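Chemist: Numbering (our numbering), first residue to last: 1142 to 1381. Glycine residues also receive a C-beta, built at the ideal position from the N, C-alpha and C atoms. Fair warning: this is a prediction, and the values are worked out from it, not measured in the lab.
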């Protein structure tokens, strides 16, 4: 399967601190790929390198076979990336439907807008809340709305930065169901995440970062069974 997003020997230095060091990995087209690791592992930095917030100190980032290492975020979006950051940034004073309308108005033909709004509202489980102000939604519902706004761009790759932060277990599970529905619909997903129950629910493959480097890589089953991963997460001793 072709790799949609690739990091090739990517490093990022901040002064004397190397936040990411010689990272090589790819996100295959059609998969849900989770990026995990303990605090300070370099996950957020690598995510920002993917979306164009940072440029690498060395190495290259490729998307859909093109070198995008020094492209701005908006240029990557135009190529087919869409980004959902950790904190919801919906238009709280506007109705749910209008949030979606604003997100898709330049990407969906006018005759199709209403139908596409209805489709996304149903996909997000927000049809009954279409006329409510976005600020009245629960935190979880706001997260789903913002995922919908990201999906309004019809991306080939959806990047999610800790999409379950602050959610209840039920909201976390429903977020996982939403991500899986998106994947079935043909969207490739890269999610930075802490919640291992969520990772088990959604991931096709998992990459573990530790101290800025790729520490482990494989299926969910392989990562969960790896005693080295338990060691860096839980401080459990590992005997080789």
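Using a 10 Å radius around the Cβ and a threshold of 16 neighbouring Cβ atoms, would you call residue 1143 buried or exposed?
Modeler: So residue 1143 ends up on the exposed side.
Chemist: My understanding is that residue 1267 touches residue 1286, with C-beta atoms under 8 angstroms, so please give their C-beta distance in whole angstroms.
Modeler: With 8 angstroms as the limit, residue 1267 and residue 1286 qualify as a contact, their Cβ atoms being about 6 angstroms apart.
Chemist: Are residue 1203 and residue 1149 touching if we call contact CB-CB under 8 angstroms?
Modeler: Their beta carbons are under 8 angstroms apart, which means residue 1203 touches residue 1149 by this criterion.
Chemist: With residue 1147 as the anchor, note down where its beta strand (DSSP E) starts and where it stops.
Modeler: Counting along the chain, the beta strand (DSSP E) containing residue 1147 begins and ends at 1144–1155.
Chemist: Could you compute how far the alpha carbon of residue 1379 sits from the alpha carbon of residue 1209?
Modeler: Legend: pLDDT at residue 1379 = 44, less than 50; position of this residue unreliable, no value from coordinates given.
Chemist: Straight-line CA distance for residue 1319 to residue 1333?
Modeler: Straight-line Cα distance between these residues: approximately 16 angstroms.
Chemist: Pick out the complete alpha helix (DSSP H) segments inside the region 1313–1381, 4 residues or longer, and give them in chain order.
Modeler: Fully enclosed alpha helix (DSSP H) runs of 4 or longer: 1337–1343, 1361–1365, 1368–1375.
Chemist: Within 8 angstroms, do at least three Cβ pairs link the region 1307–1317 to the region 1231–1240?
Modeler: Judged by Cβ distances under 8 angstroms, the region 1231–1240 makes no contact with the region 1307–1317, as fewer than three pairs qualify.
Chemist: Where in the region 1218–1306 do unbroken runs of the beta strand (DSSP E), each at least 3 residues long, occur, reported from the N-terminal end onward?
Modeler: As far as the region 1218–1306 is concerned, its whole beta strand (DSSP E) runs of at least 3 residues are 1222–1225, 1298–1302.
Chemist: Measuring CA to CA, which of 1145, 1154, 1163, 1155 is closest to residue 1350?
Modeler: Of 1145, 1154, 1163, 1155, the residue nearest in Cα terms is 1163.
Chemist: Thinking C-beta only, is residue 1185 closer than 8 angstroms to residue 1299?
Modeler: Contact: no.
Chemist: Use the C-beta contact count for residue 1336: other C-beta atoms within 10 angstroms, 16 or more gives buried, fewer gives exposed.
Modeler: By the neighbour-count rule (16 or more Cβ atoms within 10 Å), residue 1336 is buried.
Chemist: Is the separation between the beta-carbon of residue 1221 and that of residue 1297 shorter than 8 angstroms?
Modeler: For residue 1221 and residue 1297, yes; Cβs fall inside 8 angstroms.
Chemist: Looking only at DSSP bridge pairs, what is residue 1158 linked to?
Modeler: DSSP lists 1155 as partners of residue 1158.
Chemist: Whole angstroms are fine: how far does the CA of residue 1292 sit from the CA of residue 1326?
Modeler: The alpha-carbon atoms of residue 1326 and residue 1292 are separated by roughly 11 angstroms.
Chemist: Using the beta-carbon count (16 or more within 10 Å), is residue 1246 buried or exposed?
Modeler: Classification of residue 1246: exposed, given that the 10 Å Cβ count is below 16.
Chemist: Strictly by DSSP, which residues pair up with residue 1167?
Modeler: Partner(s): 1147.
Chemist: Verify whether the separation of the beta carbon atoms of residue 1343 and residue 1168 is less than 8 angstroms.
Modeler: No, Cβ-Cβ distance for residue 1343 and residue 1168 is not below 8 angstroms.
Chemist: According to DSSP, is residue 1201 helix, strand or coil?
Modeler: Correct three-state label for residue 1201: strand.
Chemist: Residue range of the beta strand (DSSP E) that residue 1173 falls in?
Modeler: Counting along the chain, the beta strand (DSSP E) containing residue 1173 begins and ends at 1173–1177.
Chemist: Which word fits residue 1305, buried or exposed, when buried means at least 16 other C-beta atoms lie within 10 angstroms of its C-beta?
Modeler: Buried.
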